[in-house]
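A short worksheet on the structure shown next.
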Amino acid sequence: MSDQAAASRLSFVVQPNSPSSRSLDALLRCYAGRIWIGAAVALAIALAVPFFLVDVPPVLDYPNHLARYFILAHPDDATLSRMFEPRWEILPNLGMDVIGVGLLKLLPVHVGGRLCLALSLYAPVIGAIIYSRVVFGRFTLWSLASGLIAYNGVFFLGFMNFLLSLGLALAGAAGWIALRRRGGWLLNAVLGAASVSVTFFCHLFGVMLFALLIGSNEAARLWEAGRPRWADLLRSALLLGVALSPAAALYLASPLADGPAYIGTWQGMPKLWASLTPFMTYSKNLTLLTGVVVYCFVVLNRRNISVAPAARLAFVVLALVFVLQPAEIKGGSFLDVRIALMIGLLAFAAVLPQLQPRCALLAGAILGALIMLRSGSVGAAWIAHRIDIADLRTAIAAVEPGARVLVVRGHAQYMTANAARPGQALPGIYRLDGHLGSLLTIERGAFLPLLFASPSQQPLAVKPPYLQIAQPLAEPVEWSVLGQETFSRLTLAYASYLRDWRLNYDYVLLIDPLPGRPMVRDLEVVAGRGSALLYRINKSGTAATAAPQ
């Protein structure tokens, strides 16, 4: 396609009024194709830079997921095969596991792992660009501005399958809309069923977003038709039902269908900060700056912004769900931040600002500089994180393969204001160093009770007798809890792996130790410094009972 032809499809600005504006507009249109491609390449490079700065990025769940990929990629490992076994079933969290296992069979663990993490970063942005291209009929520079929220609160929490599913949902919905314009009912049903099936194996939230987007598109089509006939309503409902039916069948066949229907509490005020999830970084000030810039841009240009009809209902539904839903449902956590990110992605995928040429250039320069600033801030935090990784590797160097290690933390999981370095916490949300101990499994072949190996959510199971001391979906407790001589029922319900811990484990790894912490009986320091200390458990004074070997 020539630059002139591409310009008509890449239009970002309204028709100018002044002669100088017309000449500038003509220049922009002449090189529109090259401008978009150059901006896309620059965005891809800017987002990739932090991944070259550290081998283990400070992303909460990432080390734990990486440990599982490593175990699945090496099923015949002499040590790990005694502790774990693959258990591939119909689960909605398999996407990254399949990709991760494939990569780790070919590449070093920390190279393949970062490629998986990078995929979870790029997938939502790519999905937003594809969706925008279809609903507006052109590649828009505003869709590239979704790079502003590539690094976001959900990414730093490490919800990799969830992020991959959002990209697939947006791309699948774009394909649905493109085919519906051609009127191919059968092809739409086949594409919808295929898209929802693939998305299901990444995350249920992706299925929900896909269903919402195609449902919103059908509602827009019926609305534009005026007073739709009952036959039209029935046809759309039947088409949606056929397209989404594989997800329902897969869910009923998965272990999740039999899980407890736990519903958490509704949290009002925290939702105000959660609404900034798309802009969250390790810096609270940068999070606020990004949010203010984007919100001001939208408000100042509200009369020149078009919203794709296919997504208007989706915006309304997501906003209501964000306000009304509790923080946890049936084992799913951080639900408000997930919905907030969906809204943020749609704001770049289904919205088109139309600006005068000079305003467009100014907006592009500001947003581009902000993307570079955010990527640089993330890179600086990842460089600082090298200290924590070095401290951890110094501490765990003495752990022998097959050892059983209990990981505890110095700070409480919600104490984010006192992080010593950026990257240790996501301000106002959660500590990010709780799963660093998973490197023990990857680099030392040790057993941890908190590895993500629940057959109801992951394709990995813990073997007996290690199963008796495992709690895959739990969190590390604080050091002060470990110092208690007896544990309450509430503590054991939250951390059952603490029962008889002196007998069941060989070491205790303390992440981010607090100064002046109390002594804990039967523990002696073996190695460590700074942000990680390894203790050996002295079993000489402890009554002998059966423990895993």
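Add 100 to the 1-based position in the sequence shown for the numbering used here, that's all there is to it. In this text, a Cβ means the ideal position worked out from N, Cα and C, and glycines have one as well. Keep in mind the model is a prediction, meaning the values are calculated, not measured.
**OP:** Could you pull out every residue in the same chain whose Cβ sits closer than 7 Å to the Cβ of Leu633, ignoring the five residues on either side in sequence?
**Re:** Ala495, Leu610, Pro613, Val625
**OP:** May I ask which residues mark the beginning and end of the beta strand (DSSP E) holding Ile637?
**Re:** 632–637
**OP:** Give a yes or no on whether the C-beta atoms belonging to Gln454 and Ser406 are separated by under 8 Å.
**Re:** yes
Original post:
What are the boundary residues of the alpha helix (DSSP H) that Ser295 is part of?
Top reply: 285–300
**OP:** Count the other C-beta atoms from every protein chain shown that fall within 10 angstroms of the C-beta of Tyr514, then say buried if there are 16 or more, exposed otherwise.
**Re:** exposed
Original post:
What distance in whole Å lies between the Cβ atoms of Leu248 and Leu470, which are believed to be in contact at a cut-off of 8 Å?
Top reply: 6 Å
Original post:
What is the DSSP secondary structure of Ser246, reduced to helix, strand or coil?
Top reply: helix
Subject >> Three-state secondary structure assigned by DSSP to Ser375 >> reply: coil
Subject >> Beta-carbon proximity list for Val234, same chain, < 7 Å, skipping 5 on both sides >> reply: Ala274, Ile277, Ala278
Original post:
Hey, out of Leu203, Ile542, Ala427, whose CA is closest to Pro163's CA?
Top reply: Ile542
Original post:
When burial is assigned at 16 or more other CB atoms within 10 Å of the CB, is Pro564 buried or exposed?
Top reply: exposed
Original post:
Can you find at least 3 beta carbon pairs, one from the segment 568–585 and one from the segment 505–513, that sit closer than 8 Å?
Top reply: yes
Subject >> Contact check, Leu551 vs Pro572, beta carbons under 8 Å >> reply: yes
Subject >> Member of Trp323, Ala449, Tyr594 whose CA lies at the smallest distance from the CA of Ser232 >> reply: Ala449
Subject >> Inter-residue Cα distance where the pair is Pro192 and Ala294 >> reply: 15 Å
Subject >> Rounded straight-line distance, which links the Cα of Leu592 to that of Gln725 >> reply: Absent from the structure is residue 725, since the part of the chain shown begins at 101 and ends at 649.
**OP:** Say yes only if the C-beta of Ile489 is nearer than 7 Å to one or more non-hydrogen atoms of the ligand SAM, and no if none qualify.
**Re:** Among the components modelled here there is no ligand, and therefore nothing to report on the ligand SAM.
Original post:
Can you check whether the CB of Trp482 is closer than 8 Å to the CB of Pro150?
Top reply: yes
Original post:
Cα-Cα, which of Asn385, Gly258, Cys216 is closest to Leu473?
Top reply: Asn385
**OP:** With a threshold of 16 other CB atoms inside 10 Å of the CB of Trp136, please say whether the residue is buried or exposed.
**Re:** buried
Original post:
Less than 8 Å separating the beta-carbons of Val298 and Leu268?
Top reply: yes
Original post:
Among residues of its own chain, excluding the 5 on either side of Trp50, which ones have a beta-carbon nearer than 6 Å to its beta-carbon?
Top reply: Since the first residue of the chain shown is 101 and the last is 649, residue 50 is not available in this structure.
Original post:
In the DSSP assignment, what are the bridge partners of Leu560?
Top reply: Pro186
Subject >> Inter-residue Cα distance where the pair is Tyr222 and Ala250 >> reply: 7 Å
**OP:** Go ahead and label Tyr395 buried or exposed: buried means 16 or more other beta carbons lie within 10 angstroms of its beta carbon, across all protein chains shown.
**Re:** exposed
**OP:** Reducing DSSP to helix, strand and coil, say where Ser640 ends up.
**Re:** coil
**OP:** Would you mind stating whether Val507 and Leu548 have Cβ atoms separated by less than 8 Å?
**Re:** yes
Subject >> Identity of the residue in Arg589, His210, Asn638 nearest Tyr607 by Cα >> reply: Asn638
Original post:
Does the Cβ of Asp488 have 16 or more other Cβ atoms within 10 Å, making it buried, or fewer, making it exposed?
Top reply: buried
Subject >> Among Gly444, Ala167, Val154, the one whose alpha carbon lies nearest that of Val201 >> reply: Ala167
**OP:** Identify whether Gly583 lies in helix, strand or coil by the three-state DSSP scheme.
**Re:** coil
Subject >> CA nearest to the CA of Leu203, picked from Gly292, Gly212, Ser475, Ile314 >> reply: Gly212
**OP:** Could you give the DSSP three-state label for Leu452: helix, strand or coil?
**Re:** strand
**OP:** Just tell me which of Ala460, Leu441, Arg617, Ser538 has its CA closest to the CA of Ser246.
**Re:** Leu441
**OP:** Identify, in the order they occur along the chain, each residue of the same chain with its Cβ nearer than 6 Å to the Cβ of Leu304, setting aside the five sequence neighbours on each side.
**Re:** Pro192
Original post:
Can the beta-carbon of Ala343 be found closer than 8 Å to that of Ile314?
Top reply: yes
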